[in-house]
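The numbering of the sequence shown is this note's numbering, which starts it at -17 and goes up by one.
What follows is a set of notes on a single structure, which appears directly below.
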Amino acid sequence: MVALLALISADGVEPARREIDRARLRVRAHGSPVEFAMVANAGLFLNWRLGDVAAVDAESEGALAAITHEDPAPHVIALRATGTHFTAYAALERGDLDGAAAALDRFDTAHPDRPTMMPTIWLHEPRALIALGRNDPRLARAESARQRDLMAEAGLDPPTISWRAPAARAAMLLGDTAEAGTLAAEQLAIARRWGAATEVGAALRLLAHAEPERRLDLLTESVAVLRASPARLELARSLVGLGEALRVARRRGDAREVLHRGIDLAGDCGSAALRQRAVEALEALGDRPRRPVFAGPEALTASERRVAGLAAAGRANREIAQELFVTPKTVENHLGRIYTTLGITGRRDLAQALV
């Protein structure tokens, strides 16, 4: 599993996907709930890397549900921590700060005496991002520092889970531009040593915000680098950042085109928060998105889409519940909301409504 995660971190998406798909087939045929959660967590990391927020949202729910009743041994706590931080990431992309915080609170309540391990260390990053979203840079910096210290104790500093990114943003908000620049430069150096386009592109974007005088050039480079990466959401973030910078530079035509691309890609990835940010920048230019607001099947949540797809394929409620590690009542509730959202009366209309 460690080798698989390293492969994903190096942007080796296709071989990783093949391995995960094979593992899913084995687990569904003969695996335990813990094994299911292990494979699901690998899939979560892959989908997060690709920028598929809906898939992350749905799969994190299934991964956590699978091990709800397992004894809290260290390996189970680690799996719950991984599922929790991806649940929080997905909520943040939806713009749901309270939902992200609630996911972390549930984990903390269930595991007040949890051991220190890498998956639990990672939870400080979504906590820092929530603090930034709530305009509390001091708390964000404290959470980042806690993650830094725990990772230092473990002798680890992976580029894929970086305490420096929220720490640099917090420093900027606190007026400490020197610290922000140092942290961003360090992150870029680490990313370049690792060599994956995804990490380099994201680090260039971080440095762009820490160095305003080079912002346009750095964001332009970030977009160019990320075009060679499988990470669509990272590319969308850099496109939106570049569009905002072009607007500030009064390059209105260039800004419009880049923002339109960022809006479309953010929507495709399922990041409502990023899409809204780009829409606001575009509206400040007197323009509006080319695509309408999501309607029909696109209005379903990730979990609802997953249930709807299985139901449309002919699965009974109990079969869906077994595959997703939820109760039949949960499936029934999902289907009720799905029918209302799609404007249909029952399962017989589902396949056509999803087209």
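In this text, a Cβ means the ideal position worked out from N, Cα and C, and glycines have one as well.
Model, not experiment: these values are computed from the prediction.
- Comparing C-alpha distances from residue 165 to each of 131, 9 and 151 shows the shortest one belongs to 151.
- Rounded to the nearest angstrom, the Cβ distance from residue 244 to residue 260 is 5 Å, consistent with a contact under 8 Å.
- Closest in C-alpha terms to residue 86, from the list 17, 106, 58 and 268, comes 106.
- Here DSSP, grouped into helix, strand and coil, assigns residue 310 to helix.
- Residue environment for residue 328: exposed (fewer than 16 other C-beta atoms within 10 angstroms of its C-beta).
- One thing to note: residue 247 has its Cβ no nearer than 8 Å to the Cβ of residue 237.
- The segment 15 to 79 is shown to contain whole alpha helix (DSSP H) runs of 4 or more residues at 15 to 32, 35 to 48 and 56 to 75, in chain order.
- Shortest Cα-Cα distance from residue 319 to any of 162, 289 and 102 involves 289.
- Judged by their CB atoms, residue 208 and residue 217 are nearer to each other than the 8 Å cut-off.
- In terms of Cβ geometry, residue 110 and residue 126 form a close pair [threshold 8 Å].
- In terms of CA proximity to residue 120, 157 leads the group 157, 305 and 232.
- The residue from 116, 118, 114 and 148 with its alpha-carbon nearest to that of residue 130 is 148.
- In terms of Cβ geometry, residue 212 and residue -7 form a close pair [threshold 8 Å].
- Contact between residue 101 and residue 64 holds, since their C-beta atoms are separated by about 5 Å, short of 8 Å.
- One thing to note: residue 108 has its Cβ no nearer than 8 Å to the Cβ of residue 61.
- Looking from the CA of residue 59, the closest CA among 70, 38 and 90 belongs to 90.
- DSSP places residue 246 in the helix class (H, G or I) of the three-state scheme.
- Exclusion of the five residues before and after residue 70 leaves 82, 85, 86 and 108 as the residues of its chain whose Cβ lies within less than 7 Å of its Cβ.
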